[in-house]
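Enquirer: Handing you this structure, nothing more for now.
There are 2 protein chains.
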Amino acid sequence: MINSLEKFREKGIKLTPQRVAILRYLDGNKGHPSAEDIYNKVRKIFPMMSFATVYKTLERLKQRGDILELTIDPERRRYDPDTRAHHHLICIGCKQVVDIHTEITITLPDEVKESFELTGNHIEFYGMCSDCNTVRKNILTG
Amino acid sequence: MINSLEKFREKGIKLTPQRVAILRYLDGNKGHPSAEDIYNKVRKIFPMMSFATVYKTLERLKQRGDILELTIDPERRRYDPDTRAHHHLICIGCKQVVDIHTEITITLPDEVKESFELTGNHIEFYGMCSDCNTVRKNILTG
DNA sequence: GTTACTGCAAAGCTTTTGCATCCCT
DNA sequence: AGGGATGCAAAAGCTTTGCAGTAAC
């Protein structure tokens with residue numbers, strides 16, 4: 015996401031210290047953090063930073079296409095600095111979300127293609143990670 | 015979803031008039047309504063019905079596996095009385111959601127299968143419906 | 001010097017909850 | 001009769017917004 019901070023300055027984005035801290039936290043982050051995750055983390059460096067700054071910065075980055083807003087969690091929005099097309103695997107136990115970069119081709123029926131101009135897709139895989147599976151088995155066997 | 019209202023009575027679910035109205039509204043509904051959609055519609059029949067009743071009923075139905083809670087809209091939760099495995103096609107223009115019942119097989123890499131026990135998946139297709147596409151073209155051509 | 005950003009507080013929405021009353025079974 | 005459901009209002013979360021002050025450019 016951040017090749018260089020210059021990339022942002024070039025496009026009329028002001029690089030405030032708060033923003034740089036948010037960008038640094040997001041860069042390469044594979045945890046699909048929520049606004050609160052970002053707030054809690056960055057606040058350790060900038061204790062005065064407000065929630066509004068986090069939301070406004072996320073909105074700005076989203077508009078610019080620098081991050082994706084994910085709709086994989088019914089409780090809150092999550093953000094992904096990886097803007098390449100990819101999919102997600104969600105553990106129904108601990109709710110962790112893992113990226114799936116496997117290329118997947120999906121063919122829809124002609125009747126759909128005629129009435130819709132398709133632009134993309136996103137797959138949510140559901141399952142149980144080995145940790146949660148181990149816990150589950152231990153419970154079952156007493 | 016509703017083969018017969020008896021099915022609900024059998025399982026210890028009390029069939030109040032409000033609930034029957036909600037069930038009737040949901041039965042066969044392909045519009046993926048939100049709690050507010052349900053409230054607005056059913057309130058025309060039961061003006062005294064509260065939002066709490068809608069939410070509590072939806073929670074009960076969800077627990078029983080009679081409806082699915084969809085996470086396809088970042089603004090609000092939507093509900094689907096069709097509990098069969100299926101996918102969704104979302105118009106990025108008017109936000110309408112269409113069911114996709116095409117059977118789709120997806121193969122994930124072995125390394126994923128080894129660390130996750132997969133239980134299901136859900137695909138969101140994005141595109142533009144013919145109505146929105148027409149509008150867009152008219153704007154572009156003046 | 002401009003313009004955009006920050007921080008705060010208030011407000012807006014969606015969803016949940018407590019509780020007294022009501023009514024389905 | 002008993003247990004669950006209703007309705008109301010209050011509260012809880014998440015997210016947005018207005019505005020005055022501030023800082024990046």
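Protein sequence lines, in the order shown, are assigned to chains A and B. The letter at position 129 of the first sequence is residue 143 when you use the numbering used here, and the numbering goes up by one with no holes. The letter at position 27 of the second sequence is residue 41 when you use the numbering used here, and the numbering goes up by one with no holes. For glycine and all other residues, C-beta sits at the position ideal for the given N, C-alpha and C. All figures in this text were calculated on a predicted structure; none of them were measured in a lab.
How would you label residue 62 (chain A), buried or exposed, when you count the other beta carbons within 10 angstroms and need 16 or more for buried?
Expert: Walking along the first sequence from the start, residue 62 (chain A) turns up at place 48. Label assigned to residue 62 (chain A): exposed.
Enquirer: Are the beta-carbon atoms belonging to residue 71 (chain B) and residue 27 (chain B) less than 7 Å from one another?
Expert: Locating residue 71 (chain B) in the second sequence gives position 57, where the first residue counts as 1. Locating residue 27 (chain B) in the second sequence gives position 13, where the first residue counts as 1. Contact flag unset, no.
Enquirer: Would you say the region 93–110 of chain B touches the region 76–87 of chain A, given that touching needs at least three Cβ pairs under 8 Å?
Expert: No, because fewer than three Cβ pairs between the region 93–110 of chain B and the region 76–87 of chain A fall closer than 8 Å, the two stretches do not touch.
Enquirer: In angstroms with no decimal places, state the Cα-to-Cα distance between residue 76 (chain A) and residue 69 (chain A).
Expert: Numbered from 1 along the first sequence, position 62 holds the residue referred to as residue 76 (chain A). Numbered from 1 along the first sequence, position 55 holds the residue referred to as residue 69 (chain A). Rounded to whole angstroms, residue 76 (chain A) to residue 69 (chain A) spans 10 Å at the Cα level.
Enquirer: Can you grab the Cα-Cα spacing for the pair residue 141 (chain A) / residue 97 (chain A), in whole Å?
Expert: As a position in the first sequence, residue 141 (chain A) is number 127, starting the count at 1. As a position in the first sequence, residue 97 (chain A) is number 83, starting the count at 1. Each residue's alpha carbon lies about 24 Å from the other.
Enquirer: Using DSSP's beta-bridge definition, name the partner residues of residue 152 (chain A).
Expert: In the first sequence, residue 152 (chain A) corresponds to position 138, counting from 1. In the DSSP output, where bridge partners are listed per residue, residue 152 (chain A) has none listed.
Enquirer: Taking residue 114 (chain B) as the reference, which of B:138, B:108 and B:106 has the closest Cα?
Expert: Looking up residue 114 (chain B) in the second sequence gives position 100. It is B:138.
Enquirer: Which first and last residues belong to the beta strand (DSSP E) in which residue 122 (chain A) is found?
Expert: In the first sequence, counting from the first residue as 1, residue 122 (chain A) sits at position 108. Note, residue 122 (chain A): premise wrong, no beta strand (DSSP E); not H, not E.
Enquirer: Out of curiosity, what's the CA-to-CA distance linking residue 32 (chain A) and residue 43 (chain A)?
Expert: Looking up residue 32 (chain A) in the first sequence gives position 18. Looking up residue 43 (chain A) in the first sequence gives position 29. Using only the alpha carbons, I get a separation of about 17 Å.
Enquirer: Is the Cβ of residue 81 (chain A) closer than 7 Å to any Cβ of chain B?
Expert: Translated into the one-based positions of the first sequence, residue 81 (chain A) becomes position 67. It does not: the Cβ of residue 81 (chain A) has no partner Cβ on chain B nearer than 7 Å.
Enquirer: On a CA-only basis, which of B:34, B:116, B:156 and B:110 is nearest residue 59 (chain B)? Give me that one, please.
Expert: Working through the second sequence from its first residue, we reach residue 59 (chain B) at position 45. Residue B:34 is the option with its Cα nearest to residue 59 (chain B).
Enquirer: List the residues of chain A whose Cβ lies closer than 7 Å to the Cβ of residue 138 (chain B), in chain order.
Expert: Residue 138 (chain B) sits at position 124 when you count from the first residue of the second sequence. Going along chain A in sequence order, the residues near residue 138 (chain B) (Cβ under 7 Å) are 135 and 136.
Enquirer: Quick check on residue 124 (chain A): buried or exposed, where buried means 16 or more other Cβ atoms within 10 Å of its Cβ?
Expert: Along the first sequence, read from residue 1 onward, the residue named residue 124 (chain A) stands at position 110. Flag for residue 124 (chain A) reads exposed.
Enquirer: In the region 17–47 of chain A, which residues sit with their C-beta less than 8 Å from some C-beta in chain B, listed in chain order?
Expert: Within the region 17–47 of chain A, no residue qualifies.
Enquirer: Over the uninterrupted alpha helix (DSSP H) stretch that includes residue 67 (chain B), give me the two end residues.
Expert: Here residue 67 (chain B) is taken as the residue at index 53 of the second sequence, counted from 1. Here the alpha helix (DSSP H) through residue 67 (chain B) covers 65–78.
Enquirer: Kindly list the residues whose CB is nearer than 6 Å to the CB of residue 40 (chain A), restricted to its own chain and excluding five residues on each side of it in sequence; keep chain order.
Expert: Counted from its first residue, the first sequence places residue 40 (chain A) at position 26. Around residue 40 (chain A): 95.
Enquirer: Exposed or buried, residue 92 (chain B), counting other C-beta atoms within 10 Å across all chains shown (16 or more means buried)?
Expert: Working through the second sequence from its first residue, we reach residue 92 (chain B) at position 78. By the 10 Å Cβ count, residue 92 (chain B) comes out buried.
Enquirer: Return yes when the Cβ of residue 48 (chain A) is within less than 7 Å of the Cβ of residue 129 (chain B), no when it is not.
Expert: The residue given as residue 129 (chain B) occupies position 115 in the second sequence. The residue given as residue 48 (chain A) occupies position 34 in the first sequence. No, these two residues do not count as a Cβ contact at 7 Å.
Enquirer: Is the separation between the beta-carbon of residue 118 (chain A) and that of residue 120 (chain B) shorter than 7 Å?
Expert: By 1-based counting over the first sequence, the position of residue 118 (chain A) is 104. By 1-based counting over the second sequence, the position of residue 120 (chain B) is 106. Closer than 7 Å, so yes.
Enquirer: Return the Cβ separation of residue 89 (chain A) and residue 147 (chain B) in integer angstroms, given the expectation that the two are a contact with Cβ distance under 8 Å.
Expert: Position 75 of the first sequence, counted from the first residue, corresponds to residue 89 (chain A). Position 133 of the second sequence, counted from the first residue, corresponds to residue 147 (chain B). Contact flag wrong, Cβ pair sits at about 34 Å.
Enquirer: Could you check the C-alpha separation between residue 67 (chain B) and residue 112 (chain A) for me, to the nearest Å?
Expert: Residue 67 (chain B) sits at position 53 when you count from the first residue of the second sequence. Residue 112 (chain A) sits at position 98 when you count from the first residue of the first sequence. Approximately 36 Å between the Cα atoms of the pair.
Enquirer: Any beta carbon of chain A sitting closer than 7 Å to that of residue 75 (chain B)?
Expert: Position 61 of the second sequence, counted from the first residue, corresponds to residue 75 (chain B). So no, residue 75 (chain B) is outside the interface.
Enquirer: How is residue 86 (chain A) classed by DSSP in three states: helix, strand or coil?
Expert: Here the question's residue 86 (chain A) lines up with position 72 in the first sequence. Note: residue 86 (chain A) maps to coil in three-state DSSP.
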